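**Q**
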Amino acid sequence: MCAVCGRSSAPTSSRPFGERGTASMSTDGRDWPLRQYWIDIAWGLFAVANLVAMVRFPSWETVPFHFIWVSVTILYGFRVWKMSSTLATLAAVMVATSLFIGIDIVNHSQPLDEITEVPLMASMFFAMVWHARRRLATVEEIRRVSESNLRLLERERRFIQDASHELRTPITVALGHAELIQRTSADRLLAADVEIVTDELQRLRRLADRLLLLAAADHPDFLRATPVSLEPLVLEAARRWSPSPRHWVLGQLAEATVKADPDRIALAMDALIENAVQHTGPEDSIELSLRRGEKDAIIAVADSGCGIDPDQIDHVFDRFGRVDRDRNRGRGGVGLGLAIVRSVAEAHGGSVGVTSTPGHGCTFEISLPIAAPSASGRTEMPRGDEGIPARMARAE
Numbered sequence: 000m001c002a003v004c005g006r007s008s009a010p011t012s013s014r015p016f017g018e019r020g021t022a023s024m025s026t027d028g029r030d031w032p033l034r035q036y037w038i039d040i041a042w043g044l045f046a047v048a049n050l051v052a053m054v055r056f057p058s059w060e061t062v063p064f065h066f067i068w069v070s071v072t073i074l075y076g077f078r079v080w081k082m083s084s085t086l087a088t089l090a091a092v093m094v095a096t097s098l099f100i101g102i103d104i105v106n107h108s109q110p111l112d113e114i115t116e117v118p119l120m121a122s123m124f125f126a127m128v129w130h131a132r133r134r135l136a137t138v139e140e141i142r143r144v145s146e147s148n149l150r151l152l153e154r155e156r157r158f159i160q161d162a163s164h165e166l167r168t169p170i171t172v173a174l175g176h177a178e179l180i181q182r183t184s185a186d187r188l189l190a191a192d193v194e195i196v197t198d199e200l201q202r203l204r205r206l207a208d209r210l211l212l213l214a215a216a217d218h219p220d221f222l223r224a225t226p227v228s229l230e231p232l233v234l235e236a237a238r239r240w241s242p243s244p245r246h247w248v249l250g251q252l253a254e255a256t257v258k259a260d261p262d263r264i265a266l267a268m269d270a271l272i273e274n275a276v277q278h279t280g281p282e283d284s285i286e287l288s289l290r291r292g293e294k295d296a297i298i299a300v301a302d303s304g305c306g307i308d309p310d311q312i313d314h315v316f317d318r319f320g321r322v323d324r325d326r327n328r329g330r331g332g333v334g335l336g337l338a339i340v341r342s343v344a345e346a347h348g349g350s351v352g353v354t355s356t357p358g359h360g361c362t363f364e365i366s367l368p369i370a371a372p373s374a375s376g377r378t379e380m381p382r383g384d385e386g387i388p389a390r391m392a393r394a395e
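The numbering of the sequence shown is numbering that gives the first Met the number 0, which starts it at 0 and goes up by one.
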């Protein structure tokens with residue numbers, strides 16, 4: 000039995016019936032050992048033909064000579080051999096071309112200085128090899144670092160998700176007991192202490208919820224997008240926050256419809272407004288507005304607080320970023336609110352930005368791509384002047 004037949008009859012994984020018994024025509028290169036080297040074989044035949052041409056047409060030997068060197072350079076671009084194979088190929092080409100040029104020199108068909116072409120072409124080829132290998136090493140290092148970063152990010156996401164899930168249960172249990180003690184205790188001092196415990200546990204629960212939200216931001220099911228009118232969402236956010244003791248101003252409210260998850264957009268607006276409330280006083284103003292551009296709708300929250308230093312403004316949307324000058328545990332959070340805003344905006348194909356002048360407040364903006372007008376499936380909320388909270392002034 001021949002070697003090919005022996006291989007084709009050996010036990011293999013399941014294959015379509017039509018492929019059995021046709022090992023010599025396999026397209027994967029395993030049954031024809033030279034198939035994967037077809038380009039090398041083609042180059043070898045091309046090089047031999049040019050060597051023959053150097054002898055048959057000595058007055059034109061420079062043309063096939065350069066064809067050989069150019070073709071081996073192109074071949075290396077396809078293969079990028081190991082250094083040992085590269086040096087062996089280079090040596091073979093140098094010896095062969097030197098030998099045939101030497102024959103022409105002996106026959107007085109070419110001048111003696113023609114032999115200098117060989118080391119010159121070899122030097123150029125080797126320089127190309129050096130650059131190609133450097134580039135290959137750089138690409139491999141970039142790939143390795145990218146894969147390492149992806150693994151680290153995935154590990155971080157899993158840790159945040161698992162830790163948040165594990166924290167929610169004991170926090171909920173402890174909060175339930177603390178609230179029970181607070182309701183049933185007749186001791187005012189104990190009730191005051193339990194109130195502090197309850198507040199801190201609620202803060203921890205909000206932290207766990209936000210961590211879970213950030214961990215899920217890259218998940219395909221993070222959004223339930225429908226055509227949504229943004230103006231009612233802005234009015235609803237203003238209604239929720241107007242009881243806070245600030246000077247509330249309602250700016251321009253343009254009509255804009257986006258394809259978005261209304262719950263996520265409301266969450267992002269709440270995070271921006273909460274950030275403004277935390278870093279302003281009762282005498283400061285907070286303005287909400289909605290503008291429409293050519294391709295996007297812009298939700299803006301502007302305040303007259305302390306502002307952000309220019310060298311810190313690039314980090315405000317980082318997770319656990321706490322860069323405001325007056326931020327402290329009494330007024331600030333843990334630095335996840337603005338990170339959530341960025342995650343929500345980017346999940347919708349939008350962006351976030353901030354402008355600030357230290358001592359004169361900040362303006363945070365969420366930009367969302369405008370959806371094509373559609374009456375079907377559009378999420379509407381109560382709107383109109385009657386929806387404006389009584390505590391909120393309209394900007395002139």
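Using N, Cα and C, we set each Cβ at its ideal position, and we do this for glycine too. These numbers were taken from a predicted model, which means no experiment stands behind them.
1. Assuming R290 and A236 form a contact by the criterion Cβ under 8 Å, report the distance between their Cβ atoms to the nearest whole angstrom.
2. Taking only runs of the alpha helix (DSSP H) that begin and end inside the region 257-323, which ones reach a length of at least 4 residues, in chain order?
3. Please look up how many angstroms separate the CB atoms of V257 and A370, rounded, as I've assumed it's under 8 Å.
4. Measuring alpha carbon to alpha carbon, tell me which residue in M82, I38, A90, A95 is nearest P63.
5. How should F399 be labelled, buried or exposed, when 16 other C-beta atoms within 10 angstroms of its C-beta is the threshold for buried?
6. Between which residues of its own chain and S163 is the CB-CB distance below 8 Å, once the five residues before and five after are set aside?
7. Using CA atoms only, rank isn't needed, just tell me which of S355, M268, G292 is closest to C305.
8. How far does the alpha helix (DSSP H) with E235 in it extend, from its first residue to its last?
9. So S70 and W42 are in contact, right, with Cβ under 8 Å, and what is the actual spacing, rounded?
10. What residues in its chain sit with their C-beta under 7 Å from that of Q109, if we drop five residues either side in the sequence?
11. Can you look up S350 in the DSSP assignment and give me helix, strand or coil?
12. Looking at the unbroken beta strand (DSSP E) that takes in G43, where does it start and where does it end?
13. Please report the straight-line C-alpha distance between V351 and A121, rounded to a whole angstrom.
14. Tell me where the beta strand (DSSP E) around P357 begins and ends.
15. Would you kindly work out how many angstroms separate the C-alpha atoms of A22 and G76, rounded to a whole number?
16. Taking the alpha-carbon of F173 as reference, which of R157, E194, Q160, D161 has the nearest alpha-carbon?
17. Below 8 Å, how does it come out for the region 131-139 and the region 170-190: are there three or more Cβ pairs, yes or no?
18. Check each candidate in Q181, L200, A91 and name the one with the smallest Cα separation from V47.
19. Under the criterion of a Cβ to heavy atom distance below 8 Å, does E178 qualify as lining the ligand SAM?
20. Would the region 219-231 and the region 308-317 be scored as touching if the rule is three or more Cβ pairs under 8 Å?
21. Thinking C-beta only, is I264 closer than 9 Å to I298?
22. Just tell me which of H246, L367, L335, V128 has its CA closest to the CA of I159.
23. V196 and W240 - do their beta-carbons sit closer together than 9 Å?
24. Using C-beta distances below 7 Å, list every residue in its chain close to Q78, excluding the 5 sequence neighbours before and after it, in chain order.
25. I need the straight-line Cα distance from L89 to E113, nearest angstrom please.
26. According to DSSP, simplified to helix, strand and coil, what is Q181?
27. With DSSP as the reference, label S70 as helix, strand or coil.
**A** Reading off the structure:
1. The Cβ separation is near 16 Å, so there is no contact.
2. Segments of the alpha helix (DSSP H) lying fully in the region 257-323: 261-277.
3. Cβ-Cβ separation between V257 and A370: approximately 5 Å, consistent with a contact (criterion under 8 Å).
4. Nearest option by C-alpha distance: A95.
5. Any answer about residue 399 is impossible in this case: the structure gives the chain only from 0 up to 395.
6. In chain order, A207, D208, L210, L211, A214 place their CB closer than 8 Å to the CB of S163, counting only its own chain and leaving out the 5 sequence neighbours on each side.
7. Comparing Cα positions, the closest option is S355.
8. For E235, the enclosing alpha helix (DSSP H) starts and ends at 229-240.
9. The beta carbons of S70 and W42 sit about 6 Å from each other, so the pair counts as a contact at 8 Å.
10. Closer than 7 Å at Cβ, skipping near neighbours: P57, E60, I100, D103.
11. Strand.
12. Here G43 belongs to no beta strand (DSSP E); instead the alpha helix (DSSP H) covers 37-55.
13. Cα to Cα, V351 sits roughly 55 Å from A121.
14. Taken as a continuous stretch (DSSP letters only), P357 belongs to no beta strand (DSSP E), as it is neither H nor E.
15. Caution applies to A22, whose pLDDT of 39 falls short of 50 and renders its modelled position unreliable; the value that the coordinates give is listed next. Straight-line Cα distance between these residues: approximately 31 Å.
16. Looking at the sequence shown, residue 173 is not Phe but Ala. Out of R157, E194, Q160, D161, E194 has the C-alpha closest to the C-alpha of A173.
17. By the Cβ criterion, the region 131-139 is not in contact with the region 170-190, since fewer than three pairs of Cβ atoms, one from each stretch, lie closer than 8 Å.
18. It is A91.
19. With respect to the ligand SAM, the structure offers nothing, as it holds no ligand at all.
20. In the pairwise beta carbon analysis, the region 219-231 is classified as not touching the region 308-317: fewer than three pairs are separated by under 8 Å.
21. A contact, by the Cβ cut-off of 9 Å.
22. The shortest C-alpha to C-alpha distance from I159 to any of H246, L367, L335, V128 is the one to L335.
23. The criterion of a C-beta distance shorter than 9 Å is not satisfied by W240 and V196.
24. What sits at residue 78 in the sequence shown is Arg, not Gln. The beta carbon of R78 lies closer than 7 Å to none in the same chain, with the five residues before and after it left out.
25. Each residue's CA atom was taken as its position, placing L89 and E113 some 19 Å apart.
26. If DSSP states are grouped into helix, strand and coil, Q181 belongs with the helices.
27. In the structure shown, the three-state DSSP call for S70 is helix.
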